[in-house]
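Colleague: Dumping the structure here so I can ask a few things about it.
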């Protein structure tokens with residue numbers, strides 16, 4: 001087994017033995033009991049026991065060799081083990097359910113509503129209330145994407161907590177384009193769920209418009225769409 005050590009942000013594969021180091025001193029053979037000078041046993045008996053030691057050691061060697069031979073017969077060869085492992089993996093792969101790739105186009109909301117960037121706050125708010133939506137994509141006269149406005153942006157502007165000063169103007173006199181304070185971040189229809197969630201979290205976005213490489217607006221993904229995708233019983237999401 002290999003461990004990992006992180007040093008200055010770099011991951012280093014480290015063998016287990018390197019981390020643990022040496023485990024104390026090497027094992028020593030068990031010492032035989034010494035005979036005291038005042039031992040009551042006779043010298044002849046002691047010599048007989050010494051004479052038996054070579055035979056005992058030889059018997060142990062024979063037994064160990066027999067055990068090793070028996071173990072080698074029981075254990076499968078490396079080739080057999082490899083074949084068995086390959087067969088197991090093939091069986092698991094064949095029986096594994098097909099994993100559905102969850103992409104932006106599968107979870108996006110449609111249709112997505114757009115409005116001219118020169119339209120008023122009043123008009124944008126009415127459109128949101130009419131269709132029960134929280135986001136509007138702003139486009140110019142050629143249909144090019146200009147930005148995105150949320151219901152919170154309009155509420156902040158009309159309540160006096162936005163960067164827009166409406167003290168001398170009514171909501172129907174201020175254009176929606178004045179509420180746009182950041183660049184519009186879009187996502188490709190083939191982007192995967194984890195990528196979407198990561199970008200929205202990192203950039204603190206409440207929604208991501210889904211746009212093709214040909215600048216075609218296909219839909220929009222909100223935080224609600226992400227949550228529904230995760231808890232939906234019809235999608236199997238694997239990480």
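Residue numbers (full-length UniProt numbering): 1 to 239. C-beta atoms are modelled at their ideal positions from N, C-alpha and C, and glycine is treated no differently. Small disclaimer: the values here were computed from a predicted structure and weren't measured.
According to DSSP, simplified to helix, strand and coil, what is residue 83?
Modeller: For this step, residue 83 is matched to residue 83 along the chain shown. Reduced to three states, the DSSP call for residue 83 is helix.
Colleague: Of all the options 119, 138 and 201, which has the alpha carbon lying nearest to the alpha carbon of residue 171?
Modeller: Residue 171 sits at position 171 when you count from the first residue of the chain shown. For the residues 119, 138 and 201, the minimum Cα distance to residue 171 belongs to 119.
Colleague: Could you tell me which of 139, 229, 219 and 91 sits nearest to residue 187, measuring between CA atoms?
Modeller: For this step, residue 187 is matched to residue 187 along the chain shown. For residue 187, the nearest C-alpha among the options comes from 219.
Colleague: Judging by CA-CA distance, which residue of 127, 194 and 89 is the nearest neighbour of residue 104?
Modeller: As a first step, residue 104 is located in the chain shown; it is residue number 104 there, counting from the start. The candidate whose alpha carbon is nearest that of residue 104 is 194.
Colleague: Assuming the contact rule is C-beta atoms closer than 8 Å, residue 162 and residue 117 should be a hit. Round their C-beta distance to whole Å, please.
Modeller: Looking up residue 162 in the chain shown gives position 162. Looking up residue 117 in the chain shown gives position 117. That pair is no contact at about 17 Å.
Colleague: Would DSSP call residue 123 helix, strand or coil?
Modeller: Looking up residue 123 in the chain shown gives position 123. The answer is helix: DSSP assigns residue 123 an H, G or I state.
Colleague: On the DSSP letters alone, give me the boundaries of the alpha helix (DSSP H) that residue 152 sits inside.
Modeller: Working through the chain shown from its first residue, we reach residue 152 at position 152. Per DSSP, residue 152 belongs to the alpha helix (DSSP H) from 151-159.
Colleague: For residue 112, count neighbouring C-beta atoms within 10 Å of its own C-beta (all shown protein chains included) and say buried if the count is 16 or more, exposed if not.
Modeller: The residue given as residue 112 occupies position 112 in the chain shown. Result: buried.
Colleague: Look up residue 131 in the DSSP assignment and say whether it is helix, strand or coil.
Modeller: One-based indexing of the chain shown puts residue 131 at position 131. Helix at residue 131.
Colleague: Could you compute how far the alpha carbon of residue 213 sits from the alpha carbon of residue 227?
Modeller: The sequence position of residue 213 within the chain shown is 213, counting from 1. The sequence position of residue 227 within the chain shown is 227, counting from 1. Spanning the two alpha carbons is a distance of roughly 26 Å.
Colleague: Using the three-state DSSP reduction, which class does residue 166 fall into: helix, strand or coil?
Modeller: Sequence index remark: in the chain shown, residue 166 carries index 166 (1-based). Of the three classes helix, strand and coil, the one that applies to residue 166 here is coil, per DSSP.
Colleague: Let me know if residue 135 comes out buried or exposed under the rule of 16 or more other beta-carbons within 10 Å of its beta-carbon.
Modeller: Counted from its first residue, the chain shown places residue 135 at position 135. It counts as buried.
Colleague: Out of 88, 137 and 78, point me to the one whose CA is closest to residue 216's CA.
Modeller: In the chain shown, residue 216 corresponds to position 216, counting from 1. The shortest Cα separation from residue 216 among 88, 137 and 78 belongs to 137.
Colleague: Below 7 Å CB to CB, which residues in the same chain sit around residue 122 once its five sequence neighbours on both sides are set aside?
Modeller: Along the chain shown, read from residue 1 onward, the residue named residue 122 stands at position 122. Within the same chain, residue 122 has close Cβ partners 171 and 172.
Colleague: Who are the Cβ neighbours of residue 81 in its own chain at under 6 Å, not counting the five residues just before and after it?
Modeller: If you number the chain shown from 1, residue 81 lands on position 81. Once the five neighbours on either side are set aside, residue 81 has no close Cβ partner at all.
Colleague: Of the residues 125, 91 and 221, which one's Cα is nearest the Cα of residue 155?
Modeller: In the chain shown, the residue the question calls residue 155 occupies position 155. Nearest C-alpha to residue 155: 125.
Colleague: Once you ignore the five residues that flank residue 225 on each side, which residues in its own chain have a CB closer than 7 Å to its CB?
Modeller: As a working mapping, residue 225 is identified with position 225 in the chain shown. Only 107, 108 and 109 meet the Cβ criterion.
Colleague: Reducing DSSP to helix, strand and coil, say where residue 206 ends up.
Modeller: Here the question's residue 206 lines up with position 206 in the chain shown. In the structure shown, residue 206 sits in coil (DSSP, three-state: anything other than H, G, I, E or B).
Colleague: DSSP has residue 231 in a bridge; who is on the other side?
Modeller: By one-based count along the chain shown, residue 231 stands at place 231. Bridge partners of residue 231: none, in fact.
Colleague: Going by beta-carbon coordinates alone, are residue 232 and residue 150 separated by less than 9 Å?
Modeller: Against the chain shown, residue 232 aligns to sequence position 232. Against the chain shown, residue 150 aligns to sequence position 150. Result no, Cβ atoms of residue 232 and residue 150 do not sit closer than 9 Å.
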